[in-house]
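Working notes for the structure below.
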Amino acid sequence: GSPGVSSKSHFITIHQQEAPFKTSSFNFSKEGKLGLTTDNVALIEVDFSAIESSENNIEIDGEALQIDSNKSLFFKKTEGSWKVAKSPSLNEKGPHRNGGFKDAFNNNVVFVYATKGTKFENEWYYNRARFDAETFWYRANGNIEIVKDVDFSLDKYANRNVVVYGNKDNNSAWNTLLKDSPIQVKNNQVNFDGKLLSGNQWGMYFITPRKDSDKASIGVVTATGTKGMKAAYMNHYLVNGTTFPDVLLFDDEVLENGMSAVKCAGFFGNNWSVETGDFEWK
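Quick note: the sequence shown, position 46, residue 46 per this note's numbering, numbers continuous.
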């Protein structure tokens, strides 16, 4: 279902999917000749040194490719065709960091809440972070550290996941962590990679890589104003069995109308870009 949860079987590793969070699988055979068939796989690794075979070719989904039987090789599917590839960059999605909003709560996560907004905003984001931490404590027996935005530093919390509570205008850690994010949220505006939505009614959850780390992620619980903050009251992302995409954007009608009030949901591409991603807009 996700390389970030389970990616490997014996000497074969699925690093990336074509369609995120749909089941990916493979069948391998070395009877007669080496053969590999895949389903919903974009990047796969085979450690040929673990196979007792003198073959110098493998057939992947009907395509013959040359191999070195003593090495571990990567194969990438591009425009429907398989090719031998280089080792993927850790800046891309993979078993180390594959996304889905709930993945932000892994890796010794720290919660960073806003203190630079109005009294109401500061109290709301602090209490939201505290509520999530206590929910995690109750449900998962885990103790999550909660810090003010002004007390956060990259060095002090190196290589740890971070969940940011607030937006660009009220959380001073935003520019430290999210300056290069394709999604920017401030009071009365969402900028979704150039697509602008105005008003104070928008709430949003999303996850993005932490640029100063090869493994850590940043989760964001944010809103454009008081209506959007109330829209973000729903807290299902810490309930067992729930699934969330990389990005979920909704307005305050979600409290009354549920899913029909979701404006956008979807996944970044395997290079964590919007351009190669899969997003559904309403």
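Every residue gets a Cβ at the ideal spot worked out from N, C-alpha and C, and that includes glycine.
In the structure shown, Glu92 adopts coil according to DSSP, grouped into three states. Straight across, the Cα-Cα distance linking Glu123 with Arg97 is about 32 Å. For the 7 Å CB-CB criterion, Ala85 and Lys76 form a contact. Annotated three-state conformation of Asn257 is helix, per DSSP. DSSP, read as helix, strand or coil, puts Arg128 in helix. Listed in chain order, the non-local C-beta contacts of Asp39 below 6 Å within the same chain comprise Ser25, local neighbours out to five positions each way being set aside. Beta-bridge analysis with DSSP links Gly266 to Val247 and Phe279.
With a 10 Å radius around the Cβ and a threshold of 16 neighbouring Cβ atoms, Val239 comes out exposed. CA-to-CA, the gap between Ser213 and Gly32 works out to about 44 Å.
Shown here for Leu196: same chain residues with a beta carbon closer than 8 Å to its own, the five before and five after excluded, namely Gln189 and Val190 in chain order. Taking C-beta atoms as the reference points, Val109 and Leu73 fail to come closer than 7 Å. According to DSSP, residue pairing for Val220 in a beta bridge involves Val164 and Phe206. Between the alpha carbons of Leu90 and Val185 lies a distance of about 26 Å. With distances taken between CA atoms, Phe192 lies nearest to Phe268 out of Thr226, Pro20 and Phe268.
Counting only runs that start and end inside the segment 10-75, there is no alpha helix (DSSP H) element of at least 4 residues. A residue is called buried when at least 16 other Cβ atoms come within 10 angstroms of its Cβ; Trp272 meets this threshold and is buried. Residues of the same chain with a CB within less than 7 Å of the CB of Asn143, apart from the 5 flanking positions on each side, are Trp137 in chain order. In the assembly as shown, Asp251 is a buried residue. Its beta-carbon has 16 or more other beta-carbons within 10 Å.
Fully enclosed beta strand (DSSP E) runs of no fewer than 3 residues occupy 110-113 and 145-148 of the segment 101-157, in order along the chain. In the structure shown, the three-state DSSP call for Thr176 is helix. Straight through space, the alpha carbons of Lys71 and Asn56 are spaced by roughly 11 Å. When DSSP states are grouped into helix, strand and coil, Thr226 belongs to the helix group. Around Ser181, the same chain offers Thr208 as residues with beta carbons nearer than 7 Å, after the five sequence neighbours per side are excluded. A contact is defined here as three or more CB-CB pairs under 8 Å, and the segment 167-174 meets this definition with respect to the segment 117-131.
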